[in-house]
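A.B. asks: Residue numbers (our numbering), protein chains in the order written: chain E, 2 to 494; chain B, 2 to 494.
By construction, the Cβ of each residue, glycine as well, lies at the ideal position given by its N, Cα and C atoms.
All figures in this text were calculated on a predicted structure; none of them were measured in a lab.
What follows is a single structure, and I will ask about it in a moment.
Protein chains: 2
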Amino acid sequence: MQDSQSAEILYQQLAQSIAAPIRAGTLMRGERIPSVRELARSREVSIGTVLQAYRMLEDAHLIEARPRSGYFVASRPLNLPEPETSNPPADSMAVDVSSLAARVMHLAHDPGYISFGAACPSADLFSEERVRRAVSRAVQRHRATLCSYTTGYGDESLRRAIARHALRMGCQLDPQDIIVTNSCLESITLCLRAVTKPGDIVALESPTLFAFLEILENLHLRALEIPTHPRTGFSLDALQLAFDTQPVKAVLCVPTLSNPIGSSIPLADRQRLALMVAQRGIPLVEDVLYNDLAEQEDQRRAVRAFDSSGHVMMCGSFSKTVAPGLRLGWVEAGRWGAKLVRLKESTSGSQTAFLERALADLLTQLGIEAGYRQLRATVATRVDEARGLIARHFPAGTRLTDPQGGFILWVELPPAIDSLELFKVCLAENIVIAPGKMFSATGYFGHCIRLGLGGRWDDAHRQALRRVGELANSMMTLPAMPPGTDRVQALVK
Amino acid sequence: MQDSQSAEILYQQLAQSIAAPIRAGTLMRGERIPSVRELARSREVSIGTVLQAYRMLEDAHLIEARPRSGYFVASRPLNLPEPETSNPPADSMAVDVSSLAARVMHLAHDPGYISFGAACPSADLFSEERVRRAVSRAVQRHRATLCSYTTGYGDESLRRAIARHALRMGCQLDPQDIIVTNSCLESITLCLRAVTKPGDIVALESPTLFAFLEILENLHLRALEIPTHPRTGFSLDALQLAFDTQPVKAVLCVPTLSNPIGSSIPLADRQRLALMVAQRGIPLVEDVLYNDLAEQEDQRRAVRAFDSSGHVMMCGSFSKTVAPGLRLGWVEAGRWGAKLVRLKESTSGSQTAFLERALADLLTQLGIEAGYRQLRATVATRVDEARGLIARHFPAGTRLTDPQGGFILWVELPPAIDSLELFKVCLAENIVIAPGKMFSATGYFGHCIRLGLGGRWDDAHRQALRRVGELANSMMTLPAMPPGTDRVQALVK
């Protein structure tokens, strides 16, 4: 078991070392790459390992084998079309997704299933030893905090570390303005509580994270979903129209790698968005959870970087990028800072002080940048591979996102497929996917699914993903049959 | 410094060893206790230590010196009257206490002040080493959780430990029904969110914890304050009347050692309360934070123990009794359990798993019961001493609570004194008290203060408490002066 795991790590690392220069354009399309024997010799690995790595790269449509000529960088990239810009209704609506989301997420985290349901990175993507050392050090050095009642906005060193971290996103934050929370989700909940009251309208992406919809549902807020493009994010023109025609009280937005659609707002539009909300005095709750997973540096830049009026409330955490098991988030709430502090204190109090110290330690260690790079490369290879499998095994007419980072894919199946039904037949085969309806208050996206690829990724998962495609295919409406043909039999065949 | 601290611990322990049998009735009123020399010899401590201890017991009105006869158990206990049952208006009202409370609490936790403002126990009341060992062990043993995304309701072992803990309160909880939170405050917030909507009326004690009022304020709920007796808690007859005449949607109650008034509801009334809410189908949010600090076992029994209908939602944490620095709370929400789970998950997610293990470890250690006993004894001595100082140094007409446990006193000053003014003049002398208006939505209690005695307790604090009394005295309206007398000069004198 240990051996097969390390073999897997070996060929995955090998595949990544070839995928990276292809993606970066250093290796050009059509260029020849080393033969299996050459690579095995130069890297001092077995032929089998190279074969595995090449198969993985083939699956990801990054390389292709030409008979009797060897391996080449794929001349034509994966050519599945993207979903089109979403088209939600122009009216805001009350939200009711929590019961479906609850059932799906419960299964998504059940280790008894092969799960693409959750959007959480698995432990093997991180250095457990590094986190353990940081936590143990913090317990030793800050033992006096163990029995001291913690109050206030968060540990000073962590707030400084977060301010430093925000520099990478182009933001100069005052550590004194940063509030430490239990999670990014708590940050967002507090922001919305600070700037809305029940019945208010909140504009957000469409599709959007079901957890956001649950927050709106629980705070009795109305969701106004804005048409969203899978690459460039929600339409600022549509948002402007919403501002002009409806009493929008807040905008909730994931400008970088929006979950589930994977969009990242272009740099110029980030600036425009900051101006738009400032001009209207409408608070923008910006979730920067995934910014460190963006492949392009431009896309790590926060909208907050362009805001000088205090209308952007910035929410983040490190559970997807540094240490998933340390439950800590943060928020810098601009002009609503004082209100946030009181809300946080009266809602759940402070966080555990030595944990904050441990996270501060992790964030200021030298290797942090390399860690992000490594994480980005690992999940990129997985996502490439999964995209290849989807292209081959999913029904004709499938559309698929091509996110510039992260580990989440959004699949638009042919309209004939009810993804809630697909969810059920997958479940019967021990596979969990997230049906599209979870990600909107509109009832739309009934033929879409979200696939989270941050969890374990091995042959069982590859097989399961193929199987999802086969099951989807079997659900396609068949062409009209000659009279007398048994439709059901045709389906079962 | 180290020496004077250990000397202080020595005489405090000595004082406690005498105070305990007096309070328990083992040493009877008027009975002679050992002379200073006898005790110094038998306990092998210095004469000075015994003198300090006896002075402390005298201040606490537990012993008295009779000239040329020695020391005796005080024949007459401290005889300051209790405050009367509070008499809030019969209508519910919107809440607006958070700005005052924010200012006071900010100062109360500032180490630059001598603070009686907070209701937090100080670190020296707990075994830091014991907590450190439990946390370090948990990090080592459960290191796999450090990089695993945590979901769900809380660690199994902690939920079992909490269920076992609840047995001490007479409650048989199913561990599966217990949800781990960030704090008792978060538990209460989630309960109220689960059972109310904005504009709803919540009945609660009067005075009540300002943090409760802030929760109501932030959730746009209306507070209906119920007349509350400083020993027996809120009036069930008044509560019944409220049920009969107003659309009460929830009751929020601290049956044991209510903060700030220190009341504990008698056992029979707990049973009646459980029946009342079950009959009306009104949820009761029961805060059991202080139950382990109650001196009488009867008063540790929760209202939940008498509830078989699932209408009592039980909220607790261990930040006042086991480890103030570990930010973890819990809730068992009866029939609203499923709703609580979803609210918790979508509001702030799960807690840090290894911390939960550490707390589970602490809760199941053998010494836990002795720890509670020791904590109760230590704070009881402080409270006794503080009551003695108040009796001697505060204005005539002062009323004072006599809580059966805990470390919080509620002082009703003569009506002429504006406790907000007193707060200000105390602050000018570097002393923080909590003015009474923080503890009610009614605007009442303007002549009351809360004193928290869980923090440090040394000569500077004794001196500061005396000084609060002197300042209060100086604020008393003077009797009518002969014409021509300068009133201000008289006050300043």
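Taking the runs of the alpha helix (DSSP H) that are 4 residues or longer, which of them lie wholly in the region 33 to 80 of chain B?
C.D. replies: Counting only runs of 4 or more, we get 37 to 44, 48 to 60.
A.B. asks: Which same chain residues, not among the five before or five after Phe127 of chain E, have their C-beta less than 6 Å away from its C-beta?
C.D. replies: The answer is none, since no qualifying residue turns up.
A.B. asks: Can you tell which of B:Val289, B:Ala135, B:Glu386 has its C-alpha closest to the C-alpha of Ser188 of chain B?
C.D. replies: Measuring from the Cα of Ser188 of chain B, the nearest candidate turns out to be B:Val289.
A.B. asks: Within the 8 Å Cβ cut-off, does Pro502 of chain E reach chain B?
C.D. replies: With chain E running from 2 to 494 in the structure shown, residue 502 of chain E is simply not present.
A.B. asks: Identify, in the order they occur along the chain, each residue of the same chain with its Cβ nearer than 6 Å to the Cβ of Ser70 of chain E, setting aside the five sequence neighbours on each side.
C.D. replies: Within the same chain, Ser70 of chain E has no close Cβ partners at all.
A.B. asks: How about Leu258 of chain B and Leu294 of chain B: are their beta carbons less than 8 Å apart?
C.D. replies: Yes. Within cutoff.
A.B. asks: Locate the alpha helix (DSSP H) running through Val1 of chain B, then write down its first and last residues.
C.D. replies: Within the shown structure, residues of chain B are numbered from 2 to 494, placing residue 1 of chain B beyond reach of any answer.
A.B. asks: In whole angstroms, what is the alpha-carbon distance linking Ser100 of chain E and Arg343 of chain B?
C.D. replies: Looking at the two C-alpha atoms, the distance is approximately 9 Å.
A.B. asks: Note down, in chain order, each residue of its chain lying with its Cβ closer than 6 Å to the Cβ of Pro176 of chain B, except the 5 sequence neighbours on either side.
C.D. replies: So the list reads Arg160, Arg161, Ala164, once near-sequence residues are dropped.
A.B. asks: Counting only C-beta atoms, is Tyr150 of chain B closer than 8 Å to chain E at any point?
C.D. replies: Closer than 8 Å: yes.
A.B. asks: Taking all protein chains shown into account, do 16 or more other C-beta atoms lie within 10 angstroms of the C-beta of Lys198 of chain B, making it buried, or fewer, making it exposed?
C.D. replies: Exposed, by the Cβ-count rule.
A.B. asks: Could you check which residue in B:Pro228, B:Arg400, B:Leu428, B:Cys254 has the C-alpha nearest to that of Leu242 of chain B?
C.D. replies: Looking at the Cα atoms, B:Pro228 is the closest of the given residues.
A.B. asks: Sort B:Met57, B:Ile23, B:Glu226 by Cα distance to Ile10 of chain B and report the nearest one.
C.D. replies: It is B:Met57 whose Cα lies nearest to the Cα of Ile10 of chain B.
A.B. asks: Tell me whether Ala21 of chain E sits in a helix, a strand or coil according to DSSP, three-state version.
C.D. replies: Correct three-state label for Ala21 of chain E: helix.
A.B. asks: Specify, as a first and last residue, the run of the alpha helix (DSSP H) that Thr246 of chain B falls within.
C.D. replies: That run of the alpha helix (DSSP H) goes 237 to 246.
A.B. asks: May I have the straight-line CA-CA distance separating Gln13 of chain E from Val255 of chain B, to the nearest angstrom?
C.D. replies: Rounded to the nearest angstrom, the two C-alpha atoms are 57 Å apart.
A.B. asks: Whole angstroms are fine: how far does the CA of Arg305 of chain B sit from the CA of Ala357 of chain B?
C.D. replies: At residue 357 of chain B the sequence reads Glu, which differs from the Ala that was named. Cα-Cα distance, rounded: 24 Å.
A.B. asks: Work out the CA separation of Val96 of chain E and Ser349 of chain E for me, nearest whole Å.
C.D. replies: Each residue's alpha carbon lies about 25 Å from the other.
A.B. asks: Whole angstroms are fine: how far does the CA of Gln405 of chain B sit from the CA of Asn260 of chain B?
C.D. replies: Spanning the two alpha carbons is a distance of roughly 12 Å.
A.B. asks: When you check each C-beta in the region 128 to 140 of chain E against every C-beta of chain B, which residues fall closer than 7 Å?
C.D. replies: The region 128 to 140 of chain E vs chain B, Cβ under 7 Å: Glu129, Val132, Arg133, Val136, Ser137, Val140.
A.B. asks: Establish whether the CB of Ser320 of chain E and some CB of chain B are separated by less than 8 Å.
C.D. replies: Cβ-Cβ to chain B under 8 Å: yes for Ser320 of chain E.
A.B. asks: For Ile430 of chain B, which residues from the same chain have a beta carbon less than 7 Å from its beta carbon, with the 5 sequence-adjacent residues on both sides left out?
C.D. replies: Residue 430 of chain B is actually Glu in this sequence, not Ile. Hits under 7 Å: Arg468.
A.B. asks: So, with DSSP's three-state summary, where would you put His230 of chain B?
C.D. replies: If DSSP states are grouped into helix, strand and coil, His230 of chain B belongs with the strands.
A.B. asks: At what residues does the alpha helix (DSSP H) containing Gly389 of chain E begin and finish?
C.D. replies: Counting along the chain, the alpha helix (DSSP H) containing Gly389 of chain E begins and ends at 369 to 394.
A.B. asks: Cβ closer than 7 Å: which chain B residues qualify as neighbours of Ala124 of chain E?
C.D. replies: Chain B residues near Ala124 of chain E: Ala145, Cys148, Ser149.
A.B. asks: Can you name, in chain order, every residue of its own chain whose Cβ lies under 6 Å from the Cβ of Val323 of chain B, other than the five neighbours on each side?
C.D. replies: Excluding residues within five positions, the ones whose Cβ falls inside 6 Å are Leu363.
A.B. asks: Among the candidates E:Thr86, E:Glu333, E:Ser318, E:Gly311, whose CA atom is the shortest distance from the CA of Asn183 of chain E?
C.D. replies: With distances taken between Cα atoms, Asn183 of chain E lies closest to E:Ser318.
A.B. asks: Return the residues of the region 204 to 216 of chain E that lie within a Cβ-Cβ distance of less than 8 Å from chain B, sorted by chain order.
C.D. replies: Per Cβ criterion, the list reads Ala212, Glu215, Ile216.
A.B. asks: Do Val203 of chain E and Trp337 of chain E have their C-beta atoms within less than 8 Å of each other?
C.D. replies: It is not a contact, given that the beta carbons lie outside the stated cut-off.
A.B. asks: Could you check whether the Cβ of Gly49 of chain B sits closer than 8 Å to any Cβ belonging to chain E?
C.D. replies: No - not a single Cβ of chain E is within 8 Å of the one on Gly49 of chain B.
A.B. asks: Below 6 Å CB to CB, which residues in the same chain sit around Leu433 of chain E once its five sequence neighbours on both sides are set aside?
C.D. replies: Before going on, a small fix: residue 433 of chain E reads as Val here, not Leu. Taken in chain order, the residues that qualify are Leu108, Ala109, Tyr114, Ser116, Gly118.
A.B. asks: Using CA coordinates, which residue listed in E:Ala417, E:Gly263, E:Phe307, E:Ile34 is at the minimum distance from Arg273 of chain E?
C.D. replies: Among E:Ala417, E:Gly263, E:Phe307, E:Ile34, the Cα nearest to that of Arg273 of chain E is on E:Phe307.
A.B. asks: Suppose you measure from the CA of Val489 of chain B to the CA of Ala251 of chain E; what does that come to, to the nearest Å?
C.D. replies: Any answer about Val489 of chain B is weak, because its pLDDT of 38 lies below 50 and its placement is not dependable; what the coordinates show is given next. Those two C-alpha atoms are separated by around 54 Å.
A.B. asks: Roughly how many whole angstroms lie between the Cα atoms of Arg104 of chain E and Phe424 of chain E?
C.D. replies: Their Cα atoms are separated by approximately 11 Å.
A.B. asks: Apply the 10 Å Cβ neighbour rule to Asn88 of chain E and answer buried if 16 or more other Cβ atoms are within range, or exposed otherwise.
C.D. replies: Counting Cβ neighbours within 10 Å, Asn88 of chain E comes out exposed, since fewer than 16 surround it.
A.B. asks: For Glu346 of chain E, is the classification buried or exposed, using 16 other Cβ atoms within 10 angstroms of its Cβ as the cut-off for buried?
C.D. replies: By the neighbour-count rule (16 or more Cβ atoms within 10 Å), Glu346 of chain E is buried.
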